[in-house]
Amino acid sequence: MKKLNCIYYYFLFLVFSSATYAQSTDQAQDMIDALWYKNSIIYNLEVGVFKDSDNDGRGDLRGLTEQLDYLKALGIDAIWLAPFQPSPGKDDGYDVADYYGVDPKYGTHGDFTEFMHQAEARGIKVIMDLVVNHTSDTHPWFQQARQSKDSRYRSWYVWSKDRPKDWNEGMVFPGVQEAVWTLDSVSGEYYYHRFYKFQPDLNYENPEVIKESRRVIAYWLQQGISGFRLDAVPFILEGAKPLKDVRDLDFTYLINMRNFTQSRKPDAVILGEANVEPNENELYFGKQGERMPMMFNFYANQFLFYALATGEANLFVEALKKTKDIPANAQWGFFLRNHDEIDLGRLSDKQRQRVYDVMGPDTSMQVYDRGIRRRLAPMLNNDRKHIELAYSLLYSLPGTPVIRYGEEIGMGDDLSLKERLSVRTPMQWSDAQHAGFSGAPETFRPVIDQGAYSYKTLNVAAQRRDPSSLLNWNARMIRLRKECPEIGRGEYKILDTGSPHVIALRYDYKGSSLVIVHNFSKEAKKARIKTALDKTTTVFDLLADQQQQEVKNGTLDLSLPGYGYKWYRVGQVMR
């Protein structure tokens, strides 16, 4: 009997242990799934310029759906959609007129549902722009607000009977924008707008506005969206009141927004657009990542472009150090191009001019007194080695890479288009009429058809056939990046290289290590890299058929060609 009891209790122990192990394993997997953005590649596109399925001259959701296999083959994990909701289009969709709709120019709700279904079938997540700082002035809320002070929507916006003294201060688009307070011809009062005058700001001191923003979030999560790129985060928090110190801001909105979003979808991500100083990062992330789980690293990006323009890496290294300490569950988003200008506002006048001299020497290439409105390939003079260096670096930086559509093939820009539209030209699919983008007699925005970046020679179809093309190189590098989880999830150190032109990063994760090195100079450089490894070991070159190199006493001696780069795995090779 005692023996039977022992067997019985041992059996219970095994069952309990197995259940506990399974539960802990499930919890660990849930944690990994919730942090999916840590080791993902995000691809930013606009529906209207990606692919036209009905030959009306404008891209649409059905056209985008047709190209999902292309994106899957490229290796991307998530699509970031620019605004596709109904809009007058004065700011390319960022002037939203209906938060709950699909602009008929792009298709129907049914088309959107099918797109989401097909993306999910391919394992591709979708995040979307959440533009809730302001609405279009054609939005029914604003139209009702301007009609009467008794309207329930009146207090959804910010009004002033007299023109405030700061009526032309704090403009987002200096040199183009004239004011932040504009007299409304219907109400007879001034309304506040941090952006263009046709984009009145919503009033986040009104609890009803906050509730409505949650309804918008809940609606799109229910449609299958996996997260949001939150537009203009600091301006939502600041409102129209003059700000003396960012620490005076109330960040409760971000905390509540994050909690609400994850209560509806635990793995949903919020990617914040907040161009702030390093000492303000914690205010936006939160001490434990409880405010925003992800932000773009605009600060480091500006010094990255200084390094690309000058070949001098020191300021970029310092920028990485200043933005290194963030919560463990938070993540930076890094980019080389996005839908806006390259902002150089954090650089000194002298530093900015050095970047202008190389990347945007003509004033037609500059915008808003602080930025460049060009794509990457033209900024780097279409130098393939320089472009490869830039993208190898992007894939190896401590964060999530975000790629702009068309950059994977080295598309150019159209400086005849106003402001930021220069980098929003139709995708170049083939050498067919209108780059295979549309079969219409005319497209709503011109395709690039002249010079080195003409669709006649630069297009997806041609690069698919060429094993050495930039497209196929990017696909291989994306695959390599995804084989290196140390970058997205591990701890990193910035290593001493002994050269002002060379940057080296070491990543460690679950007993595995990487050392990745980049030479910003167009000239060959030698580097003596202090790897911080404790003993003599071997590193394997992940880009050169696993060639080996010895690290003696923790030092790696390298000779790098101009714009050269190396990816090393330490001690073992992943098979």
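Reading the sequence shown from the start, the letters are residues -22 to -1, 1 to 553 in mature numbering (1 follows the signal peptide of the UniProt record, and there is no 0).
Cβ atoms here follow ideal geometry from the backbone N, Cα and C, with glycine treated the same way.
Next item on the list: Given a cut-off of 8 angstroms, decide if L52 and I102 are closer than it, judged by their beta-carbon atoms.
Entry: As a working note, residue 102 is residue 124 in the sequence shown. As a working note, residue 52 is residue 74 in the sequence shown. Taking 8 angstroms as the Cβ cut-off, I102 and L52 do not qualify as a contacting pair.
Check: Between T475 and A505, which are expected to be in contact by the criterion C-beta below 8 angstroms, what is the C-beta distance as a whole number of angstroms?
Finding: Looking up residue 475 in the sequence shown gives position 497. Looking up residue 505 in the sequence shown gives position 527. About 4 angstroms separates the two Cβ atoms, so the contact holds.
Margin query: So the candidates are A278, D335 and D340; which of them puts its Cα closest to the Cα of W310?
Written below: If you number the sequence shown from 1, residue 310 lands on position 332. Selected option, being the one with the closest Cα: A278.
Next item on the list: At 4 residues or longer, and completely inside the stretch 319 to 394: list those alpha helix (DSSP H) runs for me, N to C.
Entry: Complete alpha helix (DSSP H) runs here, min 4: 327 to 337, 354 to 357 and 362 to 374.
Next item on the list: Please work out which residues of its chain come closer than 6 angstroms, Cβ to Cβ, to M94, disregarding the five sequence neighbours upstream and downstream, and give them in chain order.
Entry: Against the sequence shown, residue 94 aligns to sequence position 116. The residues G202, in chain order, have a CB closer than 6 angstroms to that of M94 in the same chain once the five nearest residues on each side in sequence are set aside.
Next item on the list: Ignore the nearest five residues each way along the sequence and tell me which others in G82's own chain have a CB closer than 8 angstroms to its CB.
Entry: To locate residue 82, count along the sequence shown from 1; it is residue 104. Correcting the residue identity first, residue 82 is Pro in this sequence and not Gly. Spatial neighbours of P82 in its own chain (CB-CB distance under 8 angstroms, excluding positions within 5 residues in sequence) are listed in chain order as P64.
Checklist line | Rounded Cβ spacing between H117 and A75 (contact assumed at less than 8 angstroms) | finding: Counting from one through the sequence shown, the residue named residue 117 turns up at place 139. Counting from one through the sequence shown, the residue named residue 75 turns up at place 97. 5 angstroms between Cβ atoms; contact.
Next item on the list: Could you pull the start and end residues of the beta strand (DSSP E) that R506 belongs to?
Entry: Taking the sequence shown and counting its residues from 1, the one referred to as residue 506 is at position 528. Boundaries of the beta strand (DSSP E) harbouring R506: K503 to K508, taken from the DSSP string.
Next item on the list: Mind the definition here: the stretch 433 to 451 touches the stretch 402 to 418 only if three or more C-beta pairs lie below 8 angstroms; say whether that holds.
Entry: Here the stretch 433 to 451 lies against the stretch 402 to 418, with 3 or more beta-carbon pairs under 8 angstroms apart.
Margin query: Tell me the rounded alpha-carbon separation between Q96 and T43.
Written below: Residue numbering aside, residue 96 sits at position 118 when the sequence shown is read from its first letter. Residue numbering aside, residue 43 sits at position 65 when the sequence shown is read from its first letter. Approximately 7 angstroms between the Cα atoms of the pair.
Checklist line | Member of R332, G388 and L371 whose CA lies at the smallest distance from the CA of N359 | finding: Taking the first residue of the sequence shown as 1, we reach residue 359 at position 381. Comparing Cα positions, the closest option is G388.
Item checked: CB-CB length for residue 588 against D34, believed under 8 angstroms -> Outside the shown range of the chain, which is -22 to 553, sits residue 588, and nothing can be said about it.
Next item on the list: Compute the Euclidean distance between the alpha carbons of M235 and M149, then round it to the nearest angstrom.
Entry: One-based indexing of the sequence shown puts residue 235 at position 257. One-based indexing of the sequence shown puts residue 149 at position 171. Taking the straight line joining both Cα atoms gives about 26 angstroms.
Item checked: Straight-line Cα distance separating L298 from E260 -> One-based indexing of the sequence shown puts residue 260 at position 282. One-based indexing of the sequence shown puts residue 298 at position 320. Going from the Cα of E260 to the Cα of L298 covers about 15 angstroms.
Item checked: Residues of its chain near D535, where Cβ-Cβ distance is below 6 angstroms and the 5 sequence neighbours each way are ignored -> Locating residue 535 in the sequence shown gives position 557, counting from the first residue. Excluding sequence positions up to five before and after D535, its CB lies within less than 6 angstroms of the CB of R506, all in the same chain and listed in chain order.
Notebook entry, point to check: At what residues does the beta strand (DSSP E) containing D486 begin and finish?
Noted result: To locate residue 486, count along the sequence shown from 1; it is residue 508. V480 to Y487 is the extent of the beta strand (DSSP E) around D486.
Notebook entry, point to check: By DSSP, does F276 sit in helix, in strand, or in coil?
Noted result: In the sequence shown, residue 276 corresponds to position 298, counting from 1. Reduced to three states, the DSSP call for F276 is helix.
Check: Which class does Q121 belong to by DSSP, given the choice of helix, strand or coil?
Finding: Position 143 of the sequence shown, counted from the start, is the residue given in the question as residue 121. Q121 sits in a helix when the DSSP states are folded into three classes.
Checklist line | Cα-Cα separation between E366 and N292, rounded to whole angstroms | finding: In the sequence shown, the residue the question calls residue 366 occupies position 388. In the sequence shown, the residue the question calls residue 292 occupies position 314. E366 and N292 have their C-alpha atoms some 20 angstroms from each other.
Item checked: Cα-Cα separation, V158 to A510 -> Sequence index remark: in the sequence shown, residue 158 carries index 180 (1-based). Sequence index remark: in the sequence shown, residue 510 carries index 532 (1-based). C-alpha separation (whole angstroms): 52 angstroms.
Item checked: Inter-residue Cα distance where the pair is L521 and E183 -> Along the sequence shown, read from residue 1 onward, the residue named residue 521 stands at position 543. Along the sequence shown, read from residue 1 onward, the residue named residue 183 stands at position 205. Taking the straight line joining both Cα atoms gives about 53 angstroms.
Notebook entry, point to check: Around the C-beta of E255, are 16 or more other C-beta atoms found within 10 angstroms, so that it is buried, or is it exposed?
Noted result: For the purposes of this step, residue 255 is taken as residue 277 along the sequence shown, with counting starting at 1. The residue is exposed, with fewer than 16 neighbouring Cβ atoms inside 10 Å.
Margin query: Which residue wins for smallest C-alpha separation from S129, given the options I481, Q177 and S165?
Written below: The sequence position of residue 129 within the sequence shown is 151, counting from 1. Nearest C-alpha to S129: S165.
Check: Going along the chain, which residues of its own chain have a beta-carbon closer than 7 angstroms to the beta-carbon of L393, five neighbours each way excluded?
Finding: Mapped onto the sequence shown, residue 393 falls at position 415. The beta carbon of L393 lies closer than 7 angstroms to those of S342, M343 and S400 in the same chain, with the five residues before and after it left out.
Note to self: Below 8 angstroms on the Cβ atoms is my contact criterion, and I expect V333 with Y284 to pass it. Report the Cβ-Cβ distance as a whole number of Å.
What the structure shows: Reading the sequence shown from its first residue, position 355 is the one you call residue 333. Reading the sequence shown from its first residue, position 306 is the one you call residue 284. The beta-carbon separation of V333 and Y284, rounded to 6 angstroms, stays under the 8 angstroms limit for a contact.
Checklist line | Complete alpha helix (DSSP H) runs within the stretch 68 to 114 (minimum length 4 residues, chain order) | finding: Runs of the alpha helix (DSSP H) spanning 4 or more residues and lying entirely within the stretch 68 to 114 occur at 87 to 99, in chain order.
Notebook entry, point to check: Per DSSP, A56 forms a beta bridge with which residues?
Noted result: Within the sequence shown, the letter at position 78 stands for residue 56. DSSP lists I20 and K103 as partners of A56.
Checklist line | Residue environment, K29, which counts as buried when at least 16 other CB atoms sit within 10 Å | finding: The residue given as residue 29 occupies position 51 in the sequence shown. Buried is the call here.
Next item on the list: Round the Cβ separation of G390 and A430 to the nearest angstrom and send it over; I've been treating them as touching at under 8 angstroms.
Entry: Mapped onto the sequence shown, residue 390 falls at position 412. Mapped onto the sequence shown, residue 430 falls at position 452. G390 to A430, Cβ: 7 angstroms. Contact.
Notebook entry, point to check: Helix, strand or coil: which one does DSSP assign to N450?
Noted result: Indexing the sequence shown from 1 puts residue 450 at position 472. Here N450 sits in helix by DSSP.
Next item on the list: For R467, I'd like the list of residues in its chain whose CB is within less than 8 angstroms of its CB, leaving aside the five on either flank, ordered along the chain.
Entry: Counting from one through the sequence shown, the residue named residue 467 turns up at place 489. Same-chain partners within the cutoff: L13, K16, N17 and Y487.
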